[in-house]
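Only one structure is covered here, and it is reproduced in the block below.
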Amino acid sequence: MSGAKRAADGRPRCAWPSSDISIAYHDREWGVPLKDDRKLFEFLVLDAAQAGLSWEIILRKREGFRAAFDDFDPEKIARYDERKIKELLADTRIIRNRLKIESAIGNARAFLAVQKECGSFASYIWQFVGGKPKINARRSLKDIPATSTESDAMSQALKKRGFRFVGSTICYAFMQAAGMVNDHAINCFRHAELTRRMQRWRIRYSEIQ
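Right, here's the structure in full:
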């Protein structure tokens, strides 16, 4: 499978986005370096919800998740009780899986604990790539691994802190979404755009307090 395909607009893209919603996500969000804690928590929730499902399904339910989970506010989600869980289990806008819903609540509490200890979740999570995005040169989808040594380390560390649905595969997907790695195909138009941004980008721990 080739690394990129040329769409109707003439721009070469990674081979995986095929619908309008996935193309928009690929072109605007996937792989953009993030240090906003709310956005990082959003991807923690969505990547956990994706387990066993396609990302396309999650993208189509994303706004439903946003509405159901209080705009991904970890402080509010951390206070969810059994009554709220039952409400979410009846909400067709989201993935109605008790374990995934409970993990979002538990992860919100663990997330807040990391913020309290480290000043921000971003300053904690970016340490796994040394505070700077890792720029890869993937030629095709088959060249993209499911995990990495960095995602292995992240997974182990998050599990020790009480996070759930944070296996290495999910952590690597999170790293891709949050721009900790550039896994766009080398001939995708976004690879060059993000590489230029990433070469200038570095998280400064002192700025995120």
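Positions in the sequence shown are counted from 1; adding 1483 to them yields this note's numbering. Glycine is no exception: its CB is placed at the ideal position from the N, C-alpha and C atoms.
Assignment of I1627 by DSSP, reduced to helix, strand and coil, places it in the coil class. Between S1603 and K1518, the CB-CB gap stays under 9 Å. Residue I1588 holds the alpha-carbon nearest to the alpha-carbon of K1567 among R1576, I1588, E1558. Scanning S1501, I1504, P1557 for the CA closest to the CA of L1527 turns up P1557.
Counting along the chain, the unbroken beta strand (DSSP E) around P1495 starts and ends at 1495-1497.
The beta carbon of I1653 lies closer than 6 Å to those of D1530 in the same chain, with the five residues before and after it left out. In the structure shown, R1644 falls within a coil segment according to DSSP collapsed to helix, strand and coil. K1615 sits in coil when the DSSP states are folded into three classes, being neither helix nor strand.
For H1674, the enclosing alpha helix (DSSP H) covers residues 1672-1683.
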